[in-house]
Structures are given as C-alpha cells and as structure tokens.
Amino acid sequence: MALSFKDEVLLFFNSPDARVATWPLMDSPTKTVALVIAYLIFVKVLGPALMKNRKPFDLRLPMIVYNFSQVAVSSWIFLNLGLLGWFTKYSWRCEPIDFSNNRDAVRIAEVCWICFLVKFYEFIDTIFFVLRKKNSQITTLHVFHHALVPMTVWIGIKYGAGGYNTLFPVLNSFVHVWMYLYYGLAALGPSVQKYLWWKKYLTKLQLVFRNFILSLCKL
C-alpha cells in the first residue's frame, strides 16, 4: 500500500543519513541554531550599538578578498556537483538519493556539507553592511534569508545529502559565481565599474533562478 504524504515525511525525518552523523555541526541542530541566533543578535543589536557613534569602516580591501573568495568556493561547489552528478549521470527530471558509501555518493555529501559551512561564511555579507553603516541594505528579507538558509540546508544534509536535493546548491552556486564576481569587480573602483554593463543580466539571472525554485515548490 502506498504511503501517505504524512507517512513519507515522518519516514524521511526518522531516517537521518548515517554518513554525516559524525561530521562537525551535524550531530544535532543546536550549534547551527546557536550560530544563527548569534548572527541575529550581532546584526540587529550589538552591531548597530557598536557603530552608533562611530564612522563607517573602510572595508574595500576585505570586501575584495571576501567577494573573490566566494567566487572561488562557489565555482568549486558548482563544478564538483556538476562533474559528480548533474553534468554526467543525474536526471533533471528525478534523481533518488544514493545513501551508500560509494565514493562519488560520499563525495557529493561532502560537497553539500561544504556548501552548508559556506552559508555561515555568507554572514559576512551582513556584517560588512553593519560595519559600513549601510543600514538600508539590512532589510528584513536579507536578514531572514541569511538566518533561514543554514537551518534548511542542515536539514537537507542531515536527511538527504545527494540526489535531487543537490539541484538547489548547484544552481545557487552558479548564480553566486556571477553575483560575487560582480561585487568583487565593483569593489575595485570606478576604473572597473564602467565595464560592468552586464549587471542587468545578473539581475535577470537571479530572477530566473528564483522563479525556477518557486516552480519546483509547486510540483
């Protein structure tokens, strides 16, 4: 007899991926939640209080380093998930999760875990806004996104690091390559900014990605 949707959900959450059980931050969600709470406290309370009577920091060099490091790590995630699955043997229609200890299956889980860690690294986006006193850019949507994503990615890795669950990170990393490349080049100054005419296409790419993910949620 076919399982009901409720039974399938319960089965999913009662079957954690044993391969990731001993990996850092994967034993329980407590540390992830604690890091998210620390992020929220800093960007909403401590950071603004620290900067209240201070001039904005000049973070041009750290921003350049940060953005290009994001280009590098996003490229690495995209290429690894692509070469291990999406460019080679994965089906774009449906791809089950391989929970075995097969070398490629474990490697995919490891790449997903790195992707999870990167979500904490992305907290720096908001921290830079706080230290530069760019308060208009610290929107509720921005903060909500950065707080929610690490927790949802943790669930995905804890219970299903592979298969179709890797579609979001492979597409997200592709978008991030171009997004952080733009930010990195823009931070180099006016001499480079005049060549960034392709920003409008980056915005369209982000919208296409968002709409594609929303369409998947409706399936």
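Quick note: the sequence shown uses full-length UniProt numbering, first residue 1, plus one each step.
By construction, the Cβ of each residue, glycine as well, lies at the ideal position given by its N, Cα and C atoms.
Small disclaimer: the values here were computed from a predicted structure and weren't measured.
*asked:* Helix, strand or coil for Met26? Go by DSSP, reduced to three states.
replied: Residue state, collapsed to three classes: coil.
*Beta carbon of Tyr180, beta carbon of Leu196: below 8 Å?*
no
*Quick one: what's got a C-beta closer than 8 Å to Leu175's C-beta in the same chain, skipping five residues either side?*
Reading off the sequence, residue 175 comes out as Val, not Leu. Cβ within range, chain order: Leu205, Gln206, Phe209.
*Check whether the region 105 to 122 touches the region 157 to 172, taking contact to mean three or more Cβ pairs, one atom from each stretch, closer than 8 Å.*
yes
_Distance CB(Gly85)-CB(Ile108) smaller than 8 Å_ = Annotated as proximal: Gly85 and Ile108, with beta-carbon spacing under 8 Å.
_Buried/exposed call for Trp154, threshold 16 Cβ in 10 Å_ = It is buried - the Cβ of Trp154 has at least 16 other Cβ atoms within 10 Å.
*Go through its chain and collect everything with a Cβ distance to Phe129's Cβ below 6 Å, but skip five positions before and after it.*
Gln137, Ile138
*Skipping 5 residues on each side, what residues in its chain have a beta carbon closer than 8 Å to that of Thr32?*
Within the same chain, Cβ atoms closer than 8 Å to the Cβ of Thr32 are found at Leu25, Pro150, Met151, Trp154, the five residues on either side in sequence being excluded.
*asked:* Beta-carbon within less than 8 Å of Ala161's beta-carbon, same chain only, minus the 5 sequence neighbours each way: which residues are those?
replied: Asp17, Arg19, Val20, Ile97, Ile108, Ala109, Cys112, Trp113
_Residues in the same chain with beta-carbon distance under 6 Å from Glu95, minus the five sequence neighbours each way, listed in chain order, please._
Gly163, Tyr164
*Could you tell me the distance, in whole angstroms, from the CA atom of residue 223 to the CA atom of Val106?*
Given a span of 1 to 219 for the chain in the structure shown, any question on residue 223 remains unanswerable.
*Supposed close pair Gly184, Phe68 - CB separation, criterion 8 Å*: 5 Å
*Coarse secondary structure for Trp86, derived from DSSP in three states*: helix
*What did DSSP end up calling Tyr164 once you bin it into helix, strand or coil?*
helix
*alpha helix (DSSP H) runs contained entirely in the region 123 to 163, provided each spans 4 or more residues*: 123 to 131, 140 to 160
*Own chain residues within Cβ distance below 6 Å of Ser100, not counting five before or after*: none
*asked:* Taking the alpha-carbon of Ser75 as reference, which of Met51, Val177, Asn53 has the nearest alpha-carbon?
replied: Comparing Cα positions, the closest option is Val177.
*Going straight from the alpha carbon of Asp125 to that of Met63, what length do you get?*
9 Å
*Thinking His146 and Tyr39 are a contact (beta carbons under 8 Å), I'd like their distance in whole angstroms, please.*
That pair is a contact at about 7 Å.
*Element boundaries [alpha helix (DSSP H), containing Ala105]*: 103 to 121
_Tell me which residue opens and which closes the alpha helix (DSSP H) that Tyr66 is part of._
60 to 81
_Three-way DSSP call (helix, strand, coil) for Ile37 in this model_ = helix
_Proximity to Arg54 [Cα-Cα], best of Val36, Leu131, Ser91_ = Leu131
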